Structures are given as C-alpha cells and as structure tokens.
Amino acid sequence: MNVDQISKFLEVLKKFKPNEKVDALYDDVLNVYLPKIKANELPERYIIVWDASIIARLRALKLGADKQSNEPIAWIPKPLGAEIPTIYFGQLRITKDFQGSLTVNQQAITGFPEAKLVGRPIEVVAAMMGPDVDDGIGPDEVPIQIFWSDEDKRWITANNRGYAAHCLAGQKPLRLWPRVADKMELNRLKEVEGKDGAKRFTYSPNLITRLGKTPHALPSTQIPITAGPNSWEVQLIAQVK
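Using my numbering, you'd call the opening residue of the sequence shown number 133 and step up by one each time.
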C-alpha cells in the first residue's frame, strides 16, 4: 500500500476498535509500516510482504469491511497474489531463555504478551502457542522482524528466539515487520559452525539431524538451542514448518 491507501485502510480499521488484536494491528500499521512508507525506506518486495502479513492477520480476525459482514476485510486495493514467505533463521544458535526484561522499544509495542515471555524458557513459551491453548499466545502477538538477503535470495528473521518458539509450536507467525537489514545481520549470515571462532556443536543421539552430520551454516531452516551463551551443547532444535 502507498501512503493514501494506508490512511484509508486505517480509517476502515478504526470501526473495529477497541479490540486488543485490532488495536495491535492498527498500531503496527500506523507506527511501524506507515513511517517507513513515508520515508521511502521499503523496496517493493518488502511492501508486498507487509501487505500479505496484514491480510493474513485480518483473515485470522475474521473482520468484515463493515460490521454486518463476516468476511475478511478485502479493502486493500493492491492485488497481491502473495502469501507470507518461508522465513529462515539468521543465527547459528540461540539460548533457551527469553530475556528477563523488555527493552524500551518492546515495552512500547501494543499487544506484546510481556507476562507470558519475560524470563521464560523457550519450550514453555512454545507450549502457550497454538489454537487450543486457553489464554495462550496467538500468531499475531509477538512481532517477528524479517529482512531480505540479496545474496541468499531468502527472507531471514532478526528475532530468532521468537521465531523459534513459533516453529516449536508448529505456528506460523503473522505479526511480521519486514525491514531492511543492518550490516551486522548480513555479516552474521556468513558464519559457519567450526570456523572463525564458532565452535562445534555437540548433540545427544536423539537430536542428530543434518545439523549433526554437516557443519551448520546460514541461512537455515533449523536452529540449535543451547542452555546459555557459552554452551555449544544442543538441548533442542527448532525447525521451520
């Protein structure tokens, strides 16, 4: 969408406020997507994925373009024909625990499930995800920032632990925030297990996949999960679904 289309879309979405999930979508479009469009920061492929993510969230919400309709909002004027893409991991490994406190930026995110994430092990968070969990974490609650790698021709996550939790739960994230990568994120994609300071992982026999047979390289559809930042012993592996 362009600036005018986003502004009109937000006017449509206002009809359904207040609603926790609508409020989160409204805030994402107004405060994350729209400023990037106004600043001309997003290449076309990023706009397409932003719009595809918005449509997926609307479908999940089952909102109509008016309050008498049960159909998803179909107002977005650009015909996409695009689905949310496959997203790859962008780190060699992650530790199992979510950080003990939110950053200032995270605290400002509407609808962020702080109490369900902060300080918890990733498997506990993953267990709270899914359609059959009462008062759980939905696919449209945890923002997952993604970026495109021209070299790899892949979409990569910048939020590897949050994305891994979705993958462990078999849940496809819908709250995607496409944005251009920084240099450090792109350089990280060149890391290979056992090279340039990266140690070799150790696996228990029941965890050996292709990761235990060949050196782990990026981007990847799998990510090893270790106990801490100094550990290379794999406790769990998250797999892109």
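Idealized CB from N, CA, C, for every residue including glycine.
These numbers were taken from a predicted model, which means no experiment stands behind them.
Looking at the DSSP output, ILE369 bridges to PRO356. Boundaries of the beta strand (DSSP E) around ILE276: 276–281. C-alpha of PHE230 to C-alpha of LEU249: approximately 6 Å in a straight line. For ARG252, there is no enclosing alpha helix (DSSP H), as DSSP marks it with neither H nor E.
Here the alpha carbons of LEU162 and GLN223 stand approximately 30 Å from one another. Taking SER352 as reference, the option from ASP267, ILE369, THR358 and LYS140 with the minimal CA-CA separation is ILE369. Excluding five sequence positions before and after ARG307, the CB atoms of its chain that fall closer than 8 Å to its own CB belong to ALA156, ASP160, SER185, ARG189, PRO271, ASP272, GLU273, VAL274, PRO275 and ILE276, given in chain order. The beta carbons of THR289 and PHE221 sit closer together than 8 Å.
In the DSSP annotation of this structure, ARG177 is not part of any beta strand (DSSP E); the continuous alpha helix (DSSP H) holding it starts and ends at 176–193. For LYS194, the closest of ALA296, PRO356, LYS228 and ASN151 by C-alpha to C-alpha distance is ASN151. GLU323 sits close to LEU350, with the two beta carbons spaced by under 8 Å.
For the pair ASN292 and MET133, the Cα-to-Cα distance works out to about 27 Å. Here TYR335 carries a coil assignment [DSSP, helix/strand/coil]. Annotation: the continuous beta strand (DSSP E) that includes PRO310 extends over 308–310.
Distance between ILE216 and ARG311, taken at the CA atoms: about 15 Å. In the three-state scheme derived from DSSP, where H, G and I count as helix and E and B as strand, ASP160 is classed as helix.
In this chain, the alpha helix (DSSP H) harbouring ARG293 covers 292–300. Comparing C-alpha distances from SER336 to each of TRP364, ASP328 and GLY294 shows the shortest one belongs to TRP364. Secondary-structure assignment with DSSP links ARG286 through a beta bridge to SER281. Burial is judged here by how many other beta carbons sit within 10 angstroms of a residue's own beta carbon; LYS285 has fewer than 16 and is exposed.
From the listed residues ILE278, GLU317, LYS153 and ASN362, the smallest Cα separation to TYR178 is found for ILE278. Taking a 10 Å sphere around the C-beta of GLN239, we find fewer than 16 other C-beta atoms and assign the residue as exposed.
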